[in-house]
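Contents: one structure, followed by commentary.
Numbering (the numbering used here), first residue to last: 16 to 143.
This is how it looks when you write it as structure tokens:
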């Protein structure tokens with residue numbers, strides 16, 4: 016939540032997003048998660064502002080919000096093989112910096128147009 020008057024949340028495992036305007040939550044908005052690879056739903060969302068959010072599904076697809084609508088998968092995927100369920104969380108400080116973490120302990124960053132190569136930050140991974 017970037018402010019008290021805007022917040023977004025996903026219902027983990029499904030394709031729905033809700034937003035908060037400071038007093039009420041919106042009805043669920045369904046996002047097309049057909050993307051590049053079959054997904055079982057959204058995992059995480061991060062909004063550095065009311066006009067930019069990024070959400071990830073469990074197979075590496077990223078969806079963005081421009082303040083009024085959600086995109087279909089932008090085709091931005093973490094480089095290399097992505098196993099079902101491997102993406103865990105996304106955090107965006109701005110429209111030009113996001114970090115996506117895999118359950119294996121790898122992270123990739125986004126600069127506003129491309130994702131970096133994954134880097135291991137925890138070789139033991141979250142499963143340990």
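Idealized CB from N, CA, C, for every residue including glycine.
At the level of alpha carbons, what is the spacing between residue 98 and residue 88?
Bear in mind that the predicted position of residue 98 carries a pLDDT of just 48, short of 50, making it too unreliable to give a figure here.
For residue 70, does the count of other Cβ atoms within 10 angstroms reach 16, so buried, or fall short, so exposed?
Buried, since its Cβ has 16 or more Cβ neighbours within 10 Å.
Taking residue 73 as the reference, which of 130, 22, 48 has the closest Cα?
Considering only alpha carbons, the answer is 48.
Would you mind stating whether residue 31 and residue 18 have Cβ atoms separated by less than 9 angstroms?
Cβ atoms of residue 31 and residue 18: not closer than 9 angstroms.
Could you please give me the residues that DSSP links to residue 80 through a beta bridge?
Looking at the DSSP assignment, residue 80 forms a beta bridge with 68, 85.
List the whole-angstrom C-beta distance separating residue 61 from residue 113, where the pair is believed to meet the contact cut-off of C-beta under 8 angstroms.
Contact holds; Cβ gap of about 7 angstroms.
Roughly how many whole angstroms lie between the Cα atoms of residue 79 and residue 20?
If I take the Cα positions, the gap works out to 19 angstroms.
Between the C-alpha atoms of residue 43 and residue 58, what's the straight-line distance to the nearest angstrom?
When rounded, the distance between both Cα atoms is 15 angstroms.
Take the Cβ of residue 123 as the centre, count every other Cβ of all protein chains shown within 10 Å, and call the residue buried at 16 or more, exposed below.
With 16 or more other Cβ atoms within 10 Å, it is buried.
Comparing C-alpha positions only, which one of 103, 105, 117, 126 sits nearest to residue 111?
Residue 126 is the option with its Cα nearest to residue 111.
For the candidate residues 36, 136, 116, whose alpha-carbon lies nearest to that of residue 22?
Measuring from the Cα of residue 22, the nearest candidate turns out to be 36.
Could you tell me the distance, in whole angstroms, from the CA atom of residue 115 to the CA atom of residue 131?
Those two C-alpha atoms are separated by around 10 angstroms.
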